[in-house]
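Chemist: Dropping a structure here in structure tokens format, bear with me for questions.
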Amino acid sequence: MRKLALNDEILLTIEKPARYIGNEINMVKKDLNNIDIRFCMCFPDVYEIGMSHLGIQILYDMFNRREDTYCERVYSPWVDLDKIMREKQIPLFALESQEPIKNFDFLGFTVQYEMCYTNILQVLELSQIPIYAKDRTEDDPIVLGGGPCTYNPEPIADFFDFFYIGEGETVYNEILDLYKENKLKGGTKKEFLEKAAEIEGVYVPAFYDVEYNPDRTIKSFTKKNAHGKDAIKKQVEISMNETYYPKKPLVPYIKATQDRVVLEIQRGCIRGCRFCQAGMVYRPIRERNLEFLKEYAYEMLKNTGHEEISLSSLSSSDYSSLQELVYFLIDEFSSKGVNISLPSLRIDAFALDVMSKVQDVRKSSLTFAPEAGSQRLRDVINKGLTEESILKGAMDAFNSGWNRVKLYFMLGLPSENNEDIEGIAVLSDKIAREYYTIPKDQRNGKVSIVSSTSFFVPKPFTPFQWSRMNTAEEYLEKQHFLRTKFNEQLNRKSIKYNWHEAELSVLEGVFARGDRRISKVIYDAYKAGCLYDSWSEHFKYELWEKAFEDNQIDMAFYTSRERVKEEILPWDFIDAGVTKDFLWREYDRAMNAKVTPNCRMACTNCGAKVFEGGVCFEERGQV
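Position one of the sequence shown corresponds to residue 1 (full-length UniProt numbering), numbered consecutively onward.
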């Protein structure tokens, strides 16, 4: 029987002790005596969120297929256990073996969003691993990071031994083989990192120097170790039918954020929305084979006992065999009490037909994401949605029995004016008006429209990476203006308006486009008490302000400053496939409100063709 790292006394005093005991359904168990490599995978947020992450499930399955490797998991302890572990000096432990992480070979973080950065430091400190990479010895685990935020790893570069840029299935086995070989030879950590740096997709921050101009922009980014590459090329798994995918995903004993089987139908997106980082860095779009998906749907439902299956994709409607797949899932599983979830669908006749088959129309709501209130601004961001198509989709939904609609918009988009902002309220009202054109005796009660605005944050590898971001004061002014416009609408009683925190968005903007100088700020803020920053009840903006002030760093330098084309950006050393020239062309087209066709309509020469697969090799025209 496994000995738990936490005794009963502690487990009975903390919230949701099941977060820390492991032993979930499909958890992998291995004999440590037969293992050469111990790898701990970390999602730096609370267990329920981390357990919902597909990437970790894929890598957990992939690593554990190796006989020489044992991949275990750890998540950020919640604030109640954090306090106890510090008081009692309990080292942070992996769920599988319940052993301290400091005894492992690797600690790998998936960095999904910028506001988890202080949680990374929490995991390191509670694990009794030095926070700064430069302070670690041969006895400490190698700390690595991957995931979307590592497309600009610089703000957290000082805390990591290396980063893996791109999709994990591609060269991780090569990295693990290299580590094993180096370990057998008695090689040092530096020797391993030098050899690893020669592998495509691996970035070792310590092997590079940054110089700055007097105006605080980057003067140069140069390698100081011959083993480092001039450009770090992102890794892409082209054949989605031959890659790893778990048939036995982990099933928690407590409710996770996404408590369902997740079937990834494709990677990438053809749409080219100019604000969307995922749509750019995951190019080209690659589909999974229909038969592959059918097989995995069977196996995963059988092995988990889940009662829901969700199709995962940035834009499910663009999957070429969607109709066949969905009807197969309905025919096979609906009668067995399995719900089918279809996120990221365009609301058209097919989508509504499907949703009426798999949802209780009276209980569910439909989601539209126009992102901008005016047609001009939707063209600026290349959303590819007309007002006509939005209203038609809404009307078709109302006629099919829906009366609840969620709308998602952004405030602070480049070139935005008051007319664009007012357009959010006007469009919400127009949708409500569509509902009330239905004869009263045919309506499904009153209509409910929930319009939510988030604040635009420019991200690396998007056409808006050069754009200025609004200040917190500007965001709040826009929010107030929009609230008054909602109150002026005819159907205001049918519309609810929700909004995000402005300060949180500003901080996210700093981290998104920051450089290495931000690492010290993150460290100081963490030491001052910042933790779980993505949780509004724990977010302490005043501590962040002080940390920036103490380090004489102006947040506005990273957020509300327009960049010029010639400026060296902190992430320029990463080759994400999409070229800087393409992104600049798109930026220029945005400022002229010109729409760019999607990848299946015409090739826009973005650069992703270098990966030699996916949509780039389908028959279509050129622009």
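We put the CB at the ideal spot given by N, CA and C, even for glycine. Just so we're clear, the structure is a prediction, and the values are computed from it rather than from any experiment.
Relative to the C-alpha of Cys40, which candidate in Ile25, Ile49, Asn26, Asn64 has its C-alpha closest?
Modeler: Closest option to Cys40, Cα to Cα, is Asn64.
Chemist: If distances are taken between C-alpha atoms only, which option among Tyr296, Arg271, Glu545, Pro130 comes closest to Ala602?
Modeler: Taking only the C-alpha atoms, the option nearest Ala602 is Arg271.
Chemist: On the DSSP bridge assignment, give the partners of Trp499 in chain order.
Modeler: Bridge partners of Trp499: Thr453.
Chemist: Looking only at its own chain, which residues have a Cβ that is under 6 Å from the Cβ of Ser452, when we skip the five neighbours before and after it?
Modeler: Once the five neighbours on either side are set aside, the close Cβ partners of Ser452 are Tyr408, Asn498.
Chemist: How many whole angstroms separate the CB atoms of Ile166 and Val236, which I take to be in contact at a CB cut-off of 8 Å?
Modeler: The question names Ile, but residue 166 is Gly in the sequence shown. Gly166 to Val236, Cβ: 6 Å. Contact.
Chemist: Tell me the DSSP bridge mates of Thr110?
Modeler: Thr110 is bridged to Gly146.
Chemist: I'd like to know whether the C-beta atoms of Tyr244 and Ile58 end up nearer to each other than 7 Å.
Modeler: Yes. Within cutoff.
Chemist: Please state whether DSSP places Phe486 in a helix, a strand or coil.
Modeler: Looking at Phe486 - three-state DSSP - the assignment turns out to be helix.
Chemist: Please report how far the alpha carbon of Asp177 lies from the alpha carbon of Leu301, in whole angstroms.
Modeler: Computed Cα separation, rounded: 33 Å.
Chemist: Taking all protein chains shown into account, do 16 or more other C-beta atoms lie within 10 angstroms of the C-beta of Arg378, making it buried, or fewer, making it exposed?
Modeler: It counts as buried.
Chemist: Pull up the distance between the alpha-carbon of Leu290 and that of Val578, whole angstroms please.
Modeler: Going by the C-alpha atoms only, they are around 28 Å apart.
Chemist: Helix, strand or coil, according to DSSP, for Arg517 in the structure here?
Modeler: Note: Arg517 maps to coil in three-state DSSP.
Chemist: Among the candidates Arg73, Glu67, Ala590, Glu125, whose CA atom is the shortest distance from the CA of Arg86?
Modeler: Checking every option, the nearest Cα to that of Arg86 belongs to Glu125.
Chemist: Kindly list the residues whose CB is nearer than 8 Å to the CB of Ile553, restricted to its own chain and excluding five residues on each side of it in sequence; keep chain order.
Modeler: Cβ within range, chain order: Arg517, Ile518, Val521.
Chemist: Quick check on Pro141: does DSSP put it in helix, strand or coil?
Modeler: Here Pro141 sits in coil by DSSP.
Chemist: Let me make sure I understand the geometry here. Which of Glu67, Cys116, Val426, Asn592 has the alpha-carbon closest to that of Ile37?
Modeler: Minimum Cα distance to Ile37 is reached at Glu67.
Chemist: Leu531: beta carbon under 6 Å from a heavy atom of the ligand GTP?
Modeler: Inclusion of the ligand GTP in the displayed structure is not the case, the ligand content being empty and no account of it being possible.
Chemist: Under 7 Å between the Cβ atoms of Ile10 and Asp80?
Modeler: Against a cut-off of 7 Å, the Cβ pair of Asp80 and Ile10 comes out as no contact.
Chemist: Just to confirm before moving on: does the CB-CB distance between Ser76 and Asn119 stay below 7 Å?
Modeler: It is a contact, given that the beta carbons lie within the stated cut-off.
Chemist: From which residue to which residue does the alpha helix (DSSP H) around Asn399 run?
Modeler: Note, Asn399: alpha helix (DSSP H), 387-399.
Chemist: Which first and last residues belong to the beta strand (DSSP E) in which Glu308 is found?
Modeler: Run containing Glu308: 308-312, per the beta strand (DSSP E) assignment.
Chemist: Could you give the DSSP three-state label for Thr85: helix, strand or coil?
Modeler: For the sequence presented, residue 85 should be read as Met rather than Thr. Helix.
Chemist: Rounded to whole angstroms, what's the CA-CA distance from Thr150 to Leu490? Just pull it up for me.
Modeler: Computed Cα separation, rounded: 46 Å.
Chemist: Tell me which residues share the same chain as Gln279 and place their Cβ nearer than 7 Å to its Cβ, disregarding the 5 neighbours each side in the sequence.
Modeler: The sequence given here places Gly at residue 279; Gln does not occur at that position. Contacts found: Cys269, Arg271, Gly272, Cys273, Leu314.
Chemist: Mark Asp61 as exposed unless 16 or more other C-beta atoms lie within 10 angstroms of its C-beta, in which case mark it buried.
Modeler: Label assigned to Asp61: buried.
Chemist: With distances taken from CA atoms, which of Val262, Glu295, Ile285 is nearest Glu308?
Modeler: Nearest option by C-alpha distance: Val262.
Chemist: How is Asn403 classed by DSSP in three states: helix, strand or coil?
Modeler: Three-state DSSP puts Asn403 in coil, outside helix and strand.
Chemist: DSSP three-state call for Arg267: helix, strand or coil?
Modeler: Residue state, collapsed to three classes: strand.
Chemist: Got a sec, what are the start and stop residues for the alpha helix (DSSP H) Lys302 sits in?
Modeler: Element bounds for Lys302: 290-304.
Chemist: Around the Cβ of Ser335, are there at least 16 other Cβ atoms within 10 angstroms (buried) or fewer (exposed)?
Modeler: Exposed is the call here.
Chemist: With 16 other CB atoms within 10 Å as the buried threshold, where does Tyr327 fall?
Modeler: With fewer than 16 Cβ atoms within 10 Å of its Cβ, Tyr327 is classed as exposed.
Chemist: Would a C-beta distance cut-off of 7 Å place Met395 and Glu434 closer than the cut-off?
Modeler: Yes.
Chemist: Does the Cβ of Gly529 have 16 or more other Cβ atoms within 10 Å, making it buried, or fewer, making it exposed?
Modeler: Classification for Gly529: exposed.
Chemist: Excluding the five sequence neighbours on either side, which residues of its own chain have a C-beta within less than 8 Å of the C-beta of Ile238, listed in chain order?
Modeler: Arg286, Phe611, Glu612, Gly613, Gly614.
Chemist: Comparing alpha-carbon positions, which option in Ala5, Asn23, Glu24, Val46 lies nearest Trp535?
Modeler: Among Ala5, Asn23, Glu24, Val46, the Cα nearest to that of Trp535 belongs to Val46.
Chemist: Taking Cβ to Cβ, would you say Leu311 is nearer than 7 Å to Glu24?
Modeler: Against a cut-off of 7 Å, the Cβ pair of Glu24 and Leu311 comes out as no contact.
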